[in-house]
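Trainee:
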Amino acid sequence: MDIIERYQPEFVTRHATLSETCSCPACRRGSEGWPQASVHLATQLRESLDPGCESVARELLLNPQAFALHISQGEVQDAVQFTAWDEMLNQQCINLAVHPALSLEVSLYALGVLLSKAQQYLDDDNRDPALLMSMGEQLAQLAEHGVLEEQLAMLPPIKENGLAALKAMGAMRLNLNLPMVEKMSVMLKLSELGIMPTSRLSERLEELQGGLQRCALLTGQPYILRNVLIYRLYHDVFPGVGCENYGAAMFSLAQDFFQLKMLLAIAMGEEQTLAEDKLITLFSAWYSWRQVNPMQVDAQNSADYSLLCGLSLL
Ligand SMILES: [Zn+2]
Numbered sequence: 062m063d064i065i066e067r068y069q070p071e072f073v074t075r076h077a078t079l080s081e082t083c084s085c086p087a088c089r090r091g092s093e094g095w096p097q098a099s100v101h102l103a104t105q106l107r108e109s110l111d112p113g114c115e116s117v118a119r120e121l122l123l124n125p126q127a128f129a130l131h132i133s134q135g136e137v138q139d140a141v142q143f144t145a146w147d148e149m150l151n152q153q154c155i156n157l158a159v160h161p162a163l164s165l166e167v168s169l170y171a172l173g174v175l176l177s178k179a180q181q182y183l184d185d186d187n188r189d190p191a192l193l194m195s196m197g198e199q200l201a202q203l204a205e206h207g208v209l210e211e212q213l214a215m216l217p218p219i220k221e222n223g224l225a226a227l228k229a230m231g232a233m234r235l236n237l238n239l240p241m242v243e244k245m246s247v248m249l250k251l252s253e254l255g256i257m258p259t260s261r262l263s264e265r266l267e268e269l270q271g272g273l274q275r276c277a278l279l280t281g282q283p284y285i286l287r288n289v290l291i292y293r294l295y296h297d298v299f300p301g302v303g304c305e306n307y308g309a310a311m312f313s314l315a316q317d318f319f320q321l322k323m324l325l326a327i328a329m330g331e332e333q334t335l336a337e338d339k340l341i342t343l344f345s346a347w348y349s350w351r352q353v354n355p356m357q358v359d360a361q362n363s364a365d366y367s368l369l370c371g372l373s374l375l
């Protein structure tokens, strides 16, 4: 058998040392092996867990070192083919996600720029991983000079996309592990979005965006949402093994962050922050919902168009 690298992030290590058995809703109905969710690739094994389990979500979100990697050797088992191109693209995405000079939104924007260029190479059937490495390095330089931040600020807003994404959240059905009154309140506020007239929806979007700005938990601990991004890149091998439509992948990633941030703002309401326990419950429930309700991509749309739609949600 071939020897490969085996990665174990700190959140997996710490979860393994928990002494109490988790009794969150997902664990109560979890089948054998839950919440194990390792990713077997031809050249590496990425140990991972499903944050639909609340104790996994806690280790994943609340530790700034959640992705400190422990590396050892492993053996290949039922591995998914992993081309040098896909591996390099995923690595460059991770590099941009952990770049210390970038805010979360600018990291996402940088991923969009990288993917747009990668799509051009792919469409020209030019799959040399060195091209991606050089693009990643150029973006890192632009990031250090604040250029990406300026570019993001100059993107023309496409408000309709944000409104459509918010309206669609009216259809979210979350299995929230909260006291009944709190659960009903969040669910009602979500349902309302589906039936609000556009003018009211537009005000609501601004209210929620304002709420996020003052949320002490998210502004004081920026690694929480950053860890969500790294998880998506690491666990889903973003933009995906064998993925050919990077625009759609970017749209889906941007929509994830839009939904998650709006959900947290909805649950926060008029408060100045969100309790950690509530954050964990909301994230876990949202993650599980998202797994069974993936974004539907309109096949008519070009990769470039999807990518722009994604950037408009940042
Ligand atoms: Zn659990």
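Residue numbers for the sequence shown follow the numbering used here, so the first one is 62 and each next one is one higher.
The C-beta atom is built at its ideal place from N, Cα and C for all residues, glycine as well.
#1: Could you give the DSSP three-state label for residue 206: helix, strand or coil?
#2: Taking DSSP's pairing of strands, which residues face residue 131 in a bridge?
#3: Under a Cβ-count criterion, where at least 16 other Cβ atoms within 10 Å of its own Cβ denotes burial, should residue 298 be classed as buried or exposed?
#4: Using beta-carbon positions only, say whether residue 94 and residue 368 come within less than 8 Å of one another.
#5: CB of residue 168 to nearest heavy atom of ligand 1: below 7 Å?
#6: Give the single residue among 295, 348, 361, 185 whose Cα lies nearest to the Cα of residue 70.
#7: Take the Cβ of residue 134 as the centre, count every other Cβ of all protein chains shown within 10 Å, and call the residue buried at 16 or more, exposed below.
#8: Using C-beta distances below 6 Å, list every residue in its chain close to residue 72, excluding the 5 sequence neighbours before and after it, in chain order.
#9: For the beta strand (DSSP E) containing residue 107, list its first residue and its last residue.
#10: Buried or exposed, going by whether 16 or more other CB atoms sit within 10 Å of the CB of residue 342?
#11: With a threshold of 8 Å between beta-carbons, can residue 319 be considered close to chain B, or not?
#12: Please enumerate, following chain order, all residues with a beta carbon closer than 6 Å to at least one heavy atom belonging to ligand 1.
#13: Go through its chain and collect everything with a Cβ distance to residue 116's Cβ below 7 Å, but skip five positions before and after it.
#14: So within the region 142-173, which uninterrupted beta strand (DSSP E) runs reach at least 3 residues, ignoring any that extend past its ends?
#15: Considering just the uninterrupted stretch of the alpha helix (DSSP H) at residue 241, what are its terminal residues?
#16: Say yes only if the C-beta of residue 216 is nearer than 7 Å to one or more non-hydrogen atoms of ligand 3, and no if none qualify.
#17: Helix, strand or coil for residue 285, going by three-state DSSP, please let me know.
#18: Alpha carbon to alpha carbon, how far is residue 246 from residue 200? Give it in angstroms, no decimals.
#19: Under 8 Å: do the region 99-107 and the region 140-147 share three or more Cβ pairs, one atom per stretch?
Mentor: Quick answer:
#1: In the structure shown, residue 206 falls within a coil segment according to DSSP collapsed to helix, strand and coil.
#2: Paired residue(s): 69.
#3: Flag for residue 298 reads buried.
#4: Residue 94 is not a Cβ neighbour of residue 368, given a cutoff of 8 Å.
#5: Short note on residue 168: C-beta not closer than 7 Å to any heavy atom of ligand 1.
#6: Residue 70 has its Cα closest to that of 295, out of 295, 348, 361, 185.
#7: Exposed is the call here.
#8: Excluding five sequence positions before and after residue 72, the CB atoms of its chain that fall closer than 6 Å to its own CB belong to 120, 121, 127, given in chain order.
#9: From DSSP, the beta strand (DSSP E) with residue 107 extends over 105-107.
#10: Counting other Cβ atoms within 10 Å of its Cβ, residue 342 reaches 16 or more and is therefore classed as buried.
#11: Absence of chain B from the displayed structure is noted, only one protein chain being present.
#12: Ordered along the chain, the selected set is 83, 85, 87, 88, 114, 115, 116.
#13: By the criterion of a C-beta distance shorter than 7 Å, residue 116 is surrounded in its chain by 76, 79, 83, 85, once the five residues flanking it on both sides are discounted.
#14: Complete beta strand (DSSP E) runs here, min 3: none at all.
#15: Counted as a single uninterrupted DSSP element, the alpha helix (DSSP H) harbouring residue 241 occupies residues 241-256.
#16: Although ligand 3 was asked about, the structure shown includes only ligand 1 as ligands.
#17: Helix, per DSSP.
#18: For residue 200 and residue 246, the distance between alpha carbons rounds to 43 Å.
#19: Under the 8 Å Cβ criterion, the region 99-107 counts as touching the region 140-147, having at least three qualifying pairs.
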